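Below is one structure, written out as structure tokens; comments come after it.
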Ligand code: ADP
Ligand code: MG
């Protein structure tokens, strides 16, 4: 057994990172028991903590790690293990409870730099918790990025623990038994199955870690107050009034009783176990109180107190310290600076927030970054036909974030629809990956927030000036199948529809009404959103005609005229809701007089209930006092809108989501004709000249990189004199283009530095003189083959600090600059993404031969997009790129990049987009 008293404190962060220390790889992960652990690259400062770990290991373990009994490491061994180049030799350490509890390391072998020996050790007391898997995952990712293809690990045959780690990580291990030692060889890149296993673990472990918060068996309220108007007073009263199913303990050192309940001076005085603590004390007292919670064994805390990162630098430092305490003790935290949380599950009944509202129970779960807005949403919920399953006000998002909650709700049977009010992303890539999976089974609705993060970007290319935080969010939501709404009104409308009706299987909408005007508005709104209001078939029309007065029109919209009552509505809806000609039906009703209005509402409801689950059903009840309760009350809710336009918008969002569900996932194609090495050498050479700064590639380098990815470029040559220009042009078939080469001319044609369609030596000579005269610092002229073709498109890329590379597509020239008709996607692109990007750009219809235009080679454009994506994947140094224009030739004849700018910058080794926190182990 180890002796914990002699353990040396290990620090979460590295005070003085050595040169080359990969700080990007410092991360926290959740273990299968819900504790949070830090995994980071080892540093020289870890010497003592490592020694303490080795000293604490049992003989058996250290024999398994080192194949001989090691009581401790010698000084030079400690140096060897802690001083690394982070490339050929690498190690990650695991820190928990202020101790170094695990190490995973690799060493490349001189003879074979693409293979490395890997070794793992985990303290005896911390085994079986998934730490080995975490280290293994991290190390394989890192090695893969460092050009190491395979690991070799030597494992004693009786080290079942480690063998299990390898197996459960999804690696195909080839084992070779020699002298009682298994040699396990495995690739460093995660295979498909590793990614899947990791995703399953991530979900289960995150959900488990949030259980104490969302489904606690016992709660303490620290800072519970006798003052009924204080936050601590209201929160405690709400929890009690909400009839929480477990015990709730008020903690207050200055009073013996709170709200008729005996109070404790400290959380440590509470006799029973405490799962979750709500903390409502002033900011300076929060950390001491949280330390006590850790000591008490509390597993989740909700820090309501404000005064942290939202207040500025000092508060941010306090928050960082708070997070450190939370993480090192393995708790999870909601907040700080939040309004609390709610779980309406009958088995929990936790009303853990301090607002005045009790929302109705239902199937919508909500996370809000703005507490006040969250409460407003709860307030409106009842009125707006939405029931709440759970609500979390995430506050400053120091620990628990929207993506953690997504993982919790993914398998939560009470949650059918997930609603997010977000102002920022903790980790956009992780969000995208998680949301994309969950949206396949549960709709996710997110409100756009006006806050921009990246701010003004120095616009040095077309792509750079087009990109913004907002387009990135749009692209991310779109690719992940998240329904984005711009207004709170939209949020309620869409959520109410998705929560209570099936997702429409198509865009065909039937409209039934008792008044012509609103039906016209509805049809206009539907059609402007690209929804169809098809003429009904003859047989359907005659079926409907038989039910209605002769003056009624039955084509669609079905106008039953003002005399229509509950009987007509019911009969007509029975026909329309069961017809296979429609995917959705909107029933509009304007009460012509107070009589019979409630009966019509009842008929709408009855029809909706009877046919529930088939055709999507919406009602528009146009009355200043809103729809009668009969439409909204009870368990089954019929979505009801005050205006036809709002119904149309909500339906449109639902239909788009339905289409996303049906859309094939697509594939990221691999191109085996590309020359990565050549592109890499070109970029490395350019970076060397850049002296650590970002540089624009020169014309030759641009050509080499494009050519390496088989993006076709015109024949060209650089001319330093008129005679050279004429000679180069003579070697090129057909007309040529001359362009000035100069450091100042970013947009050459703007200054008269481009002459196209030049034929014959005289014209070439004149064009040469013209382009050279265009700018004072002209260096030479590019003589380029003239590429015919009616269409010009832009393909670009810019690296967003939050989202990673964004790819843009648009029609070249004025379309891009003037009307911003462009489509963005987050890299990497699948073939489906590439096709959709082109579809999304309205003016790209010209490529298809719209209105007599010559059609272009759309397939080649798609392929060019995918090749650019492959290039971005292979060459993370590319930071900005503009291929503008790419000339599109007629179908079958391909495309040619006639003008390109590529900027590269030195990159730190970055973690792959597959997030580390993906690997969280739970019991099998
Ligand atoms: P810049 O963008 O710096 O003004 P470009 O090289 O893009 O310069 O040239 C401007 C325009 O000239 C292009 O948008 C395109 O219409 C035309 N052009 C340039 N090169 C060629 C070429 N090789 N073949 C046909 N047209 C060209
Ligand atoms: Mg250009």
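Numbering (the numbering used here), first residue to last: 49 to 972.
The beta carbon of each residue, even a glycine, is placed where N, CA and C say it ideally should be.
Keep in mind that this is a model prediction, so the values were computed, not measured.
(message) With H, G and I counted as helix, E and B as strand and the rest as coil, what does DSSP make of residue 400?
(response) Three-state DSSP puts residue 400 in a strand.
(message) By the DSSP assignment, the beta strand (DSSP E) with residue 597 in it spans what residues?
(response) Neither: residue 597 is in no beta strand (DSSP E) and is coded neither H nor E.
(message) Give me the residue from 770, 555, 186 and 168 with the minimum Cα distance to residue 236.
(response) Among 770, 555, 186 and 168, the Cα nearest to that of residue 236 is on 186.
(request) Check whether the Cβ atoms of residue 441 and residue 419 sit closer than 8 Å, and answer yes or no. (result) Judged by their CB atoms, residue 441 and residue 419 are nearer to each other than the 8 Å cut-off.
(message) Using only CA atoms, which one of 816, 823, 214 and 839 lies nearest to residue 829?
(response) Ranked by Cα distance from residue 829, the options 816, 823, 214 and 839 are led by 816.
(message) Quick check: what's the CA-CA separation for residue 793 versus residue 767?
(response) C-alpha separation (whole angstroms): 17 Å.
(request) Can you say whether residue 464 is buried or exposed, counting buried as having 16 or more other CB atoms within 10 angstroms of its CB? (result) The residue is buried, with at least 16 neighbouring Cβ atoms inside 10 Å.
(request) Just jot down, in chain order, the residues whose CB lies closer than 5 Å to any heavy atom of the ligand MG. (result) What you get when you keep residues with a C-beta closer than 5 Å to any heavy atom of the ligand MG is 932 and 947.
(message) Quick test of the definition: if touching needs 3 or more C-beta pairs under 8 Å, does the stretch 619-637 touch the stretch 661-669?
(response) Yes: the two stretches touch, three or more of their Cβ pairs being nearer than 8 Å.
(request) Just mark residue 503 as buried or exposed, buried being the case when its beta carbon has 16 or more other beta carbons within 10 Å. (result) At residue 503 the pLDDT is 39, less than 50, meaning the model places this residue with poor confidence; the figure from the coordinates comes in the next sentence. The residue in question, residue 503, is exposed, as its Cβ has fewer than 16 Cβ neighbours within 10 Å.
(request) Taking only the alpha-carbon atoms, compute the straight-line gap between residue 527 and residue 759 and give it to the nearest angstrom. (result) So the alpha carbons of these two residues sit roughly 26 Å apart.
(message) Taking its Cβ as the centre, do 16 or more other Cβ atoms sit within 10 Å of residue 326, making it buried, or is it exposed?
(response) Counting the other Cβ atoms within 10 Å of the Cβ of residue 326 gives 16 or more, which makes it buried.
(request) For residue 561, count neighbouring Cβ atoms within 10 angstroms of its own Cβ and tell me buried if that reaches 16, exposed if not. (result) Only buried fits residue 561, as 16 or more other CB atoms lie within 10 angstroms of its CB.
(message) Just verifying my parser: in three-state terms, what is the DSSP assignment at residue 844?
(response) In the structure shown, residue 844 falls within a strand segment according to DSSP collapsed to helix, strand and coil.
(request) Compute the Euclidean distance between the alpha carbons of residue 724 and residue 558, then round it to the nearest angstrom. (result) Roughly 54 Å separates the two Cα atoms.
(message) Taking the beta carbon of residue 499 as the centre, do at least 16 other beta carbons fall within 10 Å, making it buried, or is it exposed?
(response) Residue confidence is low: residue 499 scores 45 on pLDDT, short of 50, so the model does not pin down where it sits. No coordinate-derived value is stated.
(message) Suppose contacts are defined by Cβ-Cβ distances below 8 Å. Is residue 141 in contact with residue 150 by that definition?
(response) The Cβ atoms of residue 141 and residue 150 lie closer than 8 Å to each other.
(message) Can you tell me whether residue 136 is helix, strand or coil according to DSSP?
(response) DSSP places residue 136 in coil when its eight states are reduced to three.
(request) Measure from the alpha carbon of residue 872 to the alpha carbon of each residue in 284, 523 and 616, then state which is nearest. (result) Considering only alpha carbons, the answer is 523.
(request) Note down the Cα distance separating residue 885 from residue 122, rounded to an integer number of angstroms. (result) Residue 885 and residue 122 have their C-alpha atoms some 60 Å from each other.
(request) Give the DSSP-derived three-state secondary structure of residue 700 in the structure shown. (result) It is helical.
(request) Count the other CB atoms, across all protein chains shown, that sit within 10 Å of the CB of residue 663; report buried if there are 16 or more and exposed otherwise. (result) Counting Cβ neighbours within 10 Å, residue 663 comes out buried, since at least 16 surround it.
(message) Between residue 887 and the ligand ADP, is there a pair consisting of the residue's CB and a ligand heavy atom that are separated by less than 7 Å?
(response) No; taking the cut-off as 7 Å, the Cβ of residue 887 has no heavy atom of the ligand ADP nearer than that.
(message) I'd like the list of long-range same chain contacts for residue 941, defined as Cβ closer than 7 Å, with 5 residues on each side in sequence excluded.
(response) In its chain, beyond the 5 residues on either side, 905 have a beta carbon closer than 7 Å to the beta carbon of residue 941.
(message) I'd like to know whether the C-beta atoms of residue 892 and residue 859 end up nearer to each other than 8 Å.
(response) Taking C-beta atoms as the reference points, residue 892 and residue 859 count as a pair closer than 8 Å.
(message) Given the structure, does residue 797 come close to the ligand ADP, in the sense that its CB is under 7 Å from one of the ligand's heavy atoms?
(response) True, at least one ligand heavy atom lies under 7 Å from that Cβ.
(message) Using a 10 Å radius around the Cβ and a threshold of 16 neighbouring Cβ atoms, would you call residue 116 buried or exposed?
(response) For residue 116, the predicted structure reports a pLDDT of 47, less than 50, and the residue's modelled location is therefore unreliable. A value from the coordinates is still provided. Note on residue 116: under 16 other CB atoms within 10 angstroms of its CB, so exposed under the neighbour-count rule.
(request) Quick one: give me the first and last residue of the beta strand (DSSP E) that residue 718 is part of. (result) No beta strand (DSSP E) contains residue 718, which DSSP labels as neither H nor E.
(message) My output table needs one value for residue 62: the three-state DSSP class, helix, strand or coil.
(response) Residue 62 falls in the coil class under three-state DSSP.
(request) List the endpoints of the continuous alpha helix (DSSP H) containing residue 909. (result) Boundaries of the alpha helix (DSSP H) harbouring residue 909: 906-922, taken from the DSSP string.
(request) Report all residues from its chain with a CB closer than 6 Å to the CB of residue 97; omit the five preceding and five following residues, and keep chain order. (result) The residues are 56, 58 and 148.
(request) Classify residue 29 as helix, strand or coil using the three-state DSSP reduction. (result) Examination of residue 29 is not possible in this model, given that the chain is present from 49 through 972 alone.
(message) Considering Cα atoms alone, identify which of 79, 61 and 81 is closest to residue 73.
(response) For residue 73, the nearest C-alpha among the options comes from 61.
(message) Relative to the C-alpha of residue 721, which candidate in 601, 754 and 693 has its C-alpha closest?
(response) Taking residue 721 as reference, the option from 601, 754 and 693 with the minimal CA-CA separation is 754.
(request) Could you tell me which uninterrupted beta strand (DSSP E) segments, each at least 3 residues in length, are contained entirely in the stretch 305-330, listed from first to last along the chain? (result) Counting only runs of 3 or more, we get 324-327.
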